[in-house]
Amino acid sequence: MMNAERPPRIVVPPPRRGLDMAAGYGWVQSPAIRAGDFLFVSGLVAIDPDSGERLNGTLTSEAHRAFQNLRLVLECAGSSLARLVQIRAMIYDRIEYDALNRVYRQYVPEGPPARTVWSVRIIDAFKVQLDAIALV
Amino acid sequence: MPVSREIVVPQNDRLNVSRNFNLPHSPGIRAGDFVFLSGMLSTDPATGERSPGTMAHETRQTLTNMQHMLESAGSSLERVVKINVLLYDMLEFDNMNAVYRQFFPRDPPARTACGVQLSAGMKIEIECIALVG
Numbered sequence: 035m036m037n038a039e040r041p042p043r044i045v046v047p048p049p050r051r052g053l054d055m056a057a058g059y060g061w062v063q064s065p066a067i068r069a070g071d072f073l074f075v076s077g078l079v080a081i082d083p084d085s086g087e088r089l090n091g092t093l094t095s096e097a098h099r100a101f102q103n104l105r106l107v108l109e110c111a112g113s114s115l116a117r118l119v120q121i122r123a124m125i126y127d128r129i130e131y132d133a134l135n136r137v138y139r140q141y142v143p144e145g146p147p148a149r150t151v152w153s154v155r156i157i158d159a160f161k162v163q164l165d166a167i168a169l170v
Numbered sequence: 623m624p625v626s627r628e629i630v631v632p633q634n635d636r637l638n639v640s641r642n643f644n645l646p647h648s649p650g651i652r653a654g655d656f657v658f659l660s661g662m663l664s665t666d667p668a669t670g671e672r673s674p675g676t677m678a679h680e681t682r683q684t685l686t687n688m689q690h691m692l693e694s695a696g697s698s699l700e701r702v703v704k705i706n707v708l709l710y711d712m713l714e715f716d717n718m719n720a721v722y723r724q725f726f727p728r729d730p731p732a733r734t735a736c737g738v739q740l741s742a743g744m745k746i747e748i749e750c751i752a753l754v755g
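Chains U and C, in that order, give the protein sequences.
Quick note on numbering: my numbering labels position 128 of the first sequence as 162, and the sequence is numbered without any gaps.
Quick note on numbering: my numbering labels position 74 of the second sequence as 696, and the sequence is numbered without any gaps.
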């Protein structure tokens with residue numbers, strides 16, 4: 035029996051064809067899920083939003099692309115970079131921490147979200163991955 | 623009215639890894655409409671022991687246990703909104719994905735996967751946030 039009070043769970047569609055990772059890469063994930071006032075975004079890497087091509091590059095170039103992709107997904111769901119609550123910024127090597135920060139502050143200049151930086155292995159040898167929760 | 627905060631435990635006591643291994647975390651916390659689960663490893667639901675194996679085996683066992691945890695909390699796999707998958711080696715991503723797909727046949731949750739060093743020689747750890755109800 036459906037409960038009328040059941041909180042909604044809404045799948046956010048890919049903002050551009052290239053960001054449909056399920057169709058393009060077979061990854062089993064939705065671009066983002068909206069649940070109540072919150073938006074949970076899948077990890078974003080430097081993918082060309084139109085062609086879906088991997089844009090492996092420097093940490094700086096990848097961070098710009100990942101943030102621009104994050105902005106596309108957020109805006110597609112009625113949110114924005116200014117509404118971010120939490121980010122897990124994943125980088126491939128701690129030595130690039132300062133390089134990440136230089137790009138990072140350009141996208142969240144005012145009242146940046148809570149953040150943890152993880153040094154991890156990222157798929158397909160990417161150097162940055164952004165994992166975000168935002169308010170809608 | 624402050625939002626409620628309750629500890630969530632699995633109905634199957636043997637899957638209460640937090641308590642059985644004396645670890646300083648709760649299996650899950652319910653906060654308002656959301657339940658936040660601790661990272662889960664492959665655990666044998668019959669014995670409560672760790673159940674290491676292939677990536678396929680560990681993924682299947684972990685997600686089966688996660689389903690039990692969520693149902694114990696009044697949620698379900700269909701209500702998961704975000705999953706984080708931690709792998710011991712990104713070369714095994716496709717092996718994880720093949721089993722993962724069987725648990726989320728449609729409208730899968732948002733997901734982030736990354737490669738990290740896991741404890742006890744395990745190959746995969748999964749944590750999630752889900753809606754309750």
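Ideal Cβ positions, reconstructed from N, Cα and C, are used throughout, including at glycine.
- Note that the segment 125 to 141 of chain U does not touch the segment 53 to 66 of chain U; fewer than 3 beta-carbon pairs, one per stretch, sit closer than 8 angstroms.
- Under the three-state reduction of DSSP output, U:V79 falls in the coil class, being neither helix nor strand.
- Using a Cβ-Cβ cut-off of 7 angstroms, C:V639 is close to nothing in chain U; its nearest Cβ partner there is about 22 angstroms away.
- Within the same chain, and ignoring the five residues on either side of C:S664 in sequence, the residues whose Cβ sits closer than 6 angstroms to its Cβ are S673, E680, Q683, T684.
- Rounded to the nearest angstrom, the Cβ distance from C:V657 to C:S698 is 11 angstroms, too far for a contact under 8 angstroms.
- The segment 146 to 159 of chain U makes contact with the segment 704 to 724 of chain C, as at least three CB pairs between them are under 8 angstroms.
- Here U:Q63 is buried: its Cβ has 16 or more other Cβ atoms, across all protein chains shown, within 10 Å.
- Distance from the Cα of U:A168 is smallest, within the candidate group U:F160, U:G91, U:S114, U:S85, for U:S114.
- U:T150: member of the beta strand (DSSP E) spanning 148 to 153, first to last residue.
- At a Cβ-Cβ threshold of 7 angstroms, C:P731 and C:V703 count as neighbours.
- At a C-beta separation below 7 angstroms, U:G70 has these neighbours in chain C: D655.
- Against chain U, the CB of C:C750 has no partner CB under 7 angstroms away; the residue lies outside that interface.
- Between U:F101 and chain C, the shortest Cβ-Cβ separation is not below 7 angstroms.
- Our two residues, U:Q102 and C:G661, have alpha carbons roughly 30 angstroms apart in a direct line.
- In this structure, DSSP gives U:F160 a state outside helix and strand, which the three-state scheme calls coil.
- By the rule that beta-carbons nearer than 7 angstroms mark a contact, C:K745 does not touch chain U.
- Within chain C, the residues L709, D711, M712, C736, G737, V738 have their CB atoms less than 9 angstroms from the CB of U:R155, given in chain order.
- By the criterion of a C-beta distance shorter than 7 angstroms, C:V625 is surrounded in its chain by A653, G654, once the five residues flanking it on both sides are discounted.
- By the rule that beta-carbons nearer than 7 angstroms mark a contact, C:F658 does not touch chain U.
- The alpha-carbon separation between C:I705 and U:A123 amounts to approximately 16 angstroms.
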